[in-house]
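For the sequence shown, the working numbering begins at 1 and goes up steadily by one. Ideal Cβ positions, reconstructed from N, Cα and C, are used throughout, including at glycine. Have a look at the structure below before the remarks.
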Amino acid sequence: MYVSIVMWDLKKSEATVESLRDYLRDYAVDAYSTLDGMRLKAWFSNAERQVWGAVYLWDRPDQMQSLFSVSKAIEIIGYPPTSVGAFALEAIAEGNSVHETLTGLGLALESGLEAGPETGPAAGV
Numbered sequence: 001m002y003v004s005i006v007m008w009d010l011k012k013s014e015a016t017v018e019s020l021r022d023y024l025r026d027y028a029v030d031a032y033s034t035l036d037g038m039r040l041k042a043w044f045s046n047a048e049r050q051v052w053g054a055v056y057l058w059d060r061p062d063q064m065q066s067l068f069s070v071s072k073a074i075e076i077i078g079y080p081p082t083s084v085g086a087f088a089l090e091a092i093a094e095g096n097s098v099h100e101t102l103t104g105l106g107l108a109l110e111s112g113l114e115a116g117p118e119t120g121p122a123a124g125v
């Protein structure tokens with residue numbers, strides 16, 4: 001398996017982390033769920049620093065070509081990602097989580113939640 005990491009510094013964009021959550025709810029989550037060979041896409045953000053990005057998990061390296069095939073992010077943000085990386089996956093560990101599935105999780109999909117010390121970047125990853 002293979003990993004792609006894409007990240008934007010939004011400081012020069014009119015788009016914000018908050019406004020991009022609408023893009024996830026209204027379009028991107030469903031659109032990316034249709035890609036062949038993409039096992040997982042997890043979006044991440046830091047609203048304080050206005051950083052936005054995603055981590056992708058792919059079956060094969062040739063499938064990584066469809067990274068932006070359904071994306072509207074460049075159009076919304078106004079420029080390409082400030083950082084893009086492709087990597088071979090070395091290992092995965094799945095812990096004992098209270099969540100049976102990852103689908104439907106995240107600030108953009110969970111109403112009433114906001115990033116804070118418990119859920120945000122200060123949580124010590």
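Residues bridged to residue i by DSSP?
i, result
"V3", "L57 and F87"
Check residue i in the structure and name its three-state DSSP category.
i, result
"L40", "strand"
"S45", "strand"
"L113", "In this prediction, L113 scores a pLDDT of 45, lower than 50, which makes its location untrustworthy; no coordinate-derived value is stated."
Any Cβ of chain D within less than 7 angstroms of the Cβ of residue i?
i, result
"V98", "No chain D is present in this structure, which holds just one protein chain."
Can you name, in chain order, every residue of its own chain whose Cβ lies under 7 angstroms from the Cβ of residue i, other than the five neighbours on each side?
i, result
"N96", "none"
"I77", "W8, L10, S13 and A15"
"M64", "Y2, S4, W58 and A86"
Suppose the cutoff is 6 angstroms on Cβ atoms and the five residues either side in sequence are ignored; what does the same chain contact list for residue i look like?
i, result
"G85", "I5"
"L20", "W52"
"P61", "Y2"
"L35", "S66"
"V125", "Unreliable placement is indicated for V125, whose pLDDT of 35 sits below 50; the coordinate value is still reported in the next sentence. Around V125: no qualifying Cβ."
"K41", "Y32, A54 and Y56"
"R39", "L57"
Where do the N-terminal and C-terminal ends of the alpha helix (DSSP H) with residue i fall, by residue?
i, result
"D26", "It is not in any alpha helix (DSSP H) - D26 carries neither H nor E in the DSSP assignment."
Apart from the five residues just before and just after residue i, which ones in its own chain have a Cβ nearer than 8 angstroms to its Cβ?
i, result
"V17", "L10, S45, N46, A47, Q50, V51 and W52"
"P80", "I74"
Consider the C-beta atom of residue i and the heavy atoms of the ligand FAD; say whether any pair is separated by less than 6 angstroms.
i, result
"K41", "Of the ligands one can find in the structure shown there are none, so the ligand FAD has no counterpart to examine."
Checklist entry - Going along the chain, which unbroken runs of the alpha helix (DSSP H) with 4 or more residues stay wholly within the stretch 47–108? => result 73–77
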